[in-house]
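Each remark here refers to the structure printed beneath this line.
There are 2 protein chains.
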Amino acid sequence: MSERFFITTQPAEDRAVLEGDEARHLTRVLRAKVGDTVSLFDGRGREWPARVAAIGRDRVELDAGEPAIDQLHPAAIPVTLAVALPKGDRQKWMVEKLTELGATRLIPLETTRGVAEATASAQARLERGVIEACKQCGRNTLMEIAAGRPLDRLLAEVPAGACVVIAHPGGRPLDAATMPPTATAMIALVGPEGGFTDEELCIADRAGAIRISLGPHILRVETAAIALAARLVSSRLSTPPVG
Amino acid sequence: MSERFFITTQPAEDRAVLEGDEARHLTRVLRAKVGDTVSLFDGRGREWPARVAAIGRDRVELDAGEPAIDQLHPAAIPVTLAVALPKGDRQKWMVEKLTELGATRLIPLETTRGVAEATASAQARLERGVIEACKQCGRNTLMEIAAGRPLDRLLAEVPAGACVVIAHPGGRPLDAATMPPTATAMIALVGPEGGFTDEELCIADRAGAIRISLGPHILRVETAAIALAARLVSSRLSTPPVG
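In the order they appear, the protein sequences are chains A and B. Read left to right, the first sequence gives residues 5 to 247 (my numbering). Read left to right, the second sequence gives residues 5 to 247 (my numbering).
The following block contains the structure:
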């Protein structure tokens, strides 16, 4: 895999432009020269082979080839993780892993016992983490970082046909019965270290969320989220891009 | 869950002793007093309720109650991860997650393209990581950190009835077909960032290892190991201890 760069603007007349961090990464860290080849991706499923054409100050122009477009696996359905964010490095790590594993969307869940707020600057930081992970793991479609919201609002917005599971000690094992093959989307809820409150569990019960357990141990927030992504996305990943 | 402490010596006549780091954690970090209650576990599946009886310098004596013993889930089979260790924090993080998720054993895999050596000091550090994770997640049986070994030696030692899978791009999806219900143990091999060499893949093929894929993205070493643990251990965890 050649070095990958994220572009926010589609190439126009086969000419693509990198600016800011992406341009500096290419010219100062990788010390690219005119003629070097790289890959570009737009975070919406497209990838281009490209050749460096001109290097300016904080700006690189590239000649882009024919784009390849991600094809979704026929069984693919979107997988959303709604998570009471852990703090610091654990948050960053979680985003990297969820991106690698192919989760569609991360929603910061606002809970009574939550420890980290989903501020605008936190969201921007998480989005940067998604791009970094995509560059590294070859993913061409960004994992969406949605705005934070409380459980009741999240559940009120669940689309018809979606299956909602909530991780809680004593729940059912996560198996075929809890992941109906007819579901058109999977949404998994992970609470904060102190757990969901009784009131929050009540709200989830009323909305039809299925309580599931991930085993006898008390998992850290990010461990539960990553384990859920590994199991829910498994058969639902997009195949590699075809030309 | 009360605070948990790891003991290396079984209680004698209902008297348990904490020394070193564990004693300092109890007295200096948690500022425990005589009469406080905690839990003790021996890393081999036993857990005791206990009460602080005497506090000395770097030594705490406790009165231990009746032990509870972990009961294995009827479907439980050992799950071993043999992994070309990543470096630094990623290594530490991986051990924490594999412990939480219930992996039985981690074997550092010596590979041609590996980046981290499984020295004796690395092994000791990983073992300390396992104990810390067990204290936190309520696991009473330590995940074993085995001595590092190359692929050929590891494969020569696979017990009869064990199913061996090797993570490699283009392999089969990890599903029921690759995890036969008759398997008496699961062993999953994860290579270094640069991948297994052709020679290593040949050795694995000859030993009957099944090549499996974890999706279209290039997973980091620790991500692959954690995703495999989440999926292989899922129905094979011990239930919480009973008295």
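Yeah, the Cβ is synthetic: ideal placement off N, Cα and C, and Gly gets one too.
Residue i touches chain A at which residues, Cβ-Cβ below 8 angstroms?
i: glycine 106 of chain B; result: Gly219, Pro220 and His221
Can you check DSSP and say which residues form a bridge with residue i?
i: aspartate 67 of chain B; result: B:Arg19 and B:Arg55
i: alanine 189 of chain B; result: B:Ala166
i: isoleucine 216 of chain B; result: B:Arg176
i: leucine 44 of chain A; result: A:Phe9 and A:Trp52
i: glutamate 114 of chain A; result: A:Pro154
i: alanine 234 of chain A; result: Answer is none; alanine 234 of chain A lacks a bridge partner.
i: isoleucine 149 of chain B; result: B:Leu110
i: valine 83 of chain A; result: A:Met190
i: glycine 198 of chain B; result: DSSP, once it has assigned bridges, lists no residue as partnering glycine 198 of chain B.
i: alanine 171 of chain A; result: A:Ile216
i: glycine 60 of chain A; result: A:Arg63
Exposed or buried, residue i, counting other C-beta atoms within 10 Å across all chains shown (16 or more means buried)?
i: valine 246 of chain A; result: Low confidence applies to valine 246 of chain A: its pLDDT is 37, below 50, so where it sits in the model is not reliable enough to give any reading.
i: threonine 243 of chain B; result: For threonine 243 of chain B, the predicted structure reports a pLDDT of 35, less than 50, and the residue's modelled location is therefore unreliable. A value from the coordinates is still provided. Classification of threonine 243 of chain B: exposed, given that the 10 Å Cβ count is below 16.
i: threonine 108 of chain A; result: buried
i: glutamate 161 of chain A; result: exposed
i: threonine 188 of chain A; result: exposed
i: glutamate 204 of chain B; result: buried
i: aspartate 209 of chain B; result: exposed
i: proline 163 of chain A; result: exposed
i: alanine 151 of chain A; result: exposed
i: glutamate 121 of chain A; result: exposed
i: proline 185 of chain B; result: exposed
i: threonine 12 of chain B; result: exposed
i: isoleucine 214 of chain B; result: buried
i: leucine 241 of chain B; result: Confidence in leucine 241 of chain B is poor, its pLDDT being 45 and thus under 50, which makes the residue's placement too unreliable to answer from.
i: alanine 16 of chain B; result: exposed
i: valine 33 of chain B; result: exposed
i: arginine 61 of chain A; result: exposed
i: alanine 58 of chain B; result: exposed
i: aspartate 103 of chain A; result: Checking the sequence shown, residue 103 of chain A turns out to be threonine, not aspartate. Classification of threonine 103 of chain A: buried, given that the 10 Å Cβ count is 16 or more.
By alpha-carbon positions, which one of the options ends up nearest to residue i?
i: asparagine 144 of chain A; options: A:Gly39, A:Gln127, A:Asp93 and A:Gly47; result: A:Gly47
i: alanine 68 of chain B; options: B:Ser217, B:Gly212, B:Arg55 and B:Gly49; result: B:Arg55
i: arginine 94 of chain A; options: A:Leu218, A:Ala192, A:Pro196 and A:Asp74; result: A:Pro196
i: leucine 232 of chain B; options: B:Pro15, B:Lys101, B:Leu159 and B:Glu121; result: B:Lys101
i: leucine 193 of chain B; options: B:Arg8, B:Glu7 and B:Leu85; result: B:Leu85
i: alanine 20 of chain B; options: B:Ala137, B:Ala228, B:Ile111 and B:Pro71; result: B:Pro71
i: valine 119 of chain B; options: B:Val169, B:Pro90, B:His172 and B:Ile135; result: B:Pro90
i: arginine 129 of chain A; options: A:Cys141, A:Gly142, A:Ile170 and A:Glu148; result: A:Glu148
i: isoleucine 207 of chain A; options: A:Arg157, A:Asp25, A:Met183 and A:Arg176; result: A:Arg157
i: serine 43 of chain A; options: A:Lys96, A:Cys138, A:Thr123 and A:Pro82; result: A:Cys138
i: arginine 117 of chain B; options: B:Gly219, B:Asp202, B:Thr123 and B:Glu65; result: B:Asp202
i: alanine 211 of chain B; options: B:Ala228, B:Leu159 and B:Gly165; result: B:Leu159
i: lysine 37 of chain A; options: A:Ala229, A:Met190, A:Gly165 and A:Leu66; result: A:Leu66
i: aspartate 18 of chain B; options: B:Pro53, B:Val83 and B:Phe10; result: B:Pro53
i: alanine 88 of chain A; options: A:His77, A:Ile170, A:Val237 and A:Ser217; result: A:Ile170
i: valine 99 of chain A; options: A:Ile73, A:Ser238, A:Cys141 and A:Leu30; result: A:Cys141
Along chain B, which residues have their Cβ under 9 angstroms away from the Cβ of residue i?
i: serine 238 of chain A; result: Pro177, Leu178, Asp179, Leu218, Gly219, Ala231 and Arg235
i: threonine 227 of chain A; result: Glu100, Lys101, Glu104, Leu105, Cys141, Ile230 and Ala234
I want to verify the contact list: residues of chain B whose CB lies under 7 angstroms from the CB of residue i, in sequence order.
i: arginine 8 of chain A; result: Within chain B, no residue comes near arginine 8 of chain A; the closest Cβ sits about 10 angstroms away, beyond 7 angstroms.
i: arginine 109 of chain A; result: Simply none; closest approach about 16 angstroms.
i: arginine 224 of chain A; result: Glu104
Less than 8 angstroms between CB atoms is the rule here; does residue i satisfy it with respect to chain D?
i: glycine 198 of chain B; result: Here the protein chains are A and B, and chain D is not one of them.
Shorter than 7 angstroms, the distance from the beta carbon of residue i to the closest heavy atom of the ligand SAH, or not?
i: alanine 231 of chain B; result: As presented, the structure is devoid of all ligands, the ligand SAH included, so that no description of it is given.
Quiz item: Taking any Cβ of chain A, which residues in the segment 139 to 153 of chain B have a Cβ under 7 angstroms from it, in chain order?
Solution: Listed by position, the residues of the segment 139 to 153 of chain B near chain A (Cβ gap below 7 angstroms) are Cys141, Gly142 and Arg143.
Self-check item: chain B contacts from the segment 75 to 103 of chain A (Cβ-Cβ distance under 7 angstroms)
Solution: For the segment 75 to 103 of chain A, which is checked against every Cβ of chain B, the residues closer than 7 angstroms are Trp97 and Lys101.
Practice problem: Can you give me, in chain order, the residues of the segment 19 to 52 of chain A that have a beta carbon less than 9 angstroms from any beta carbon in chain B? | Solution: Those would be none; no residue qualifies.
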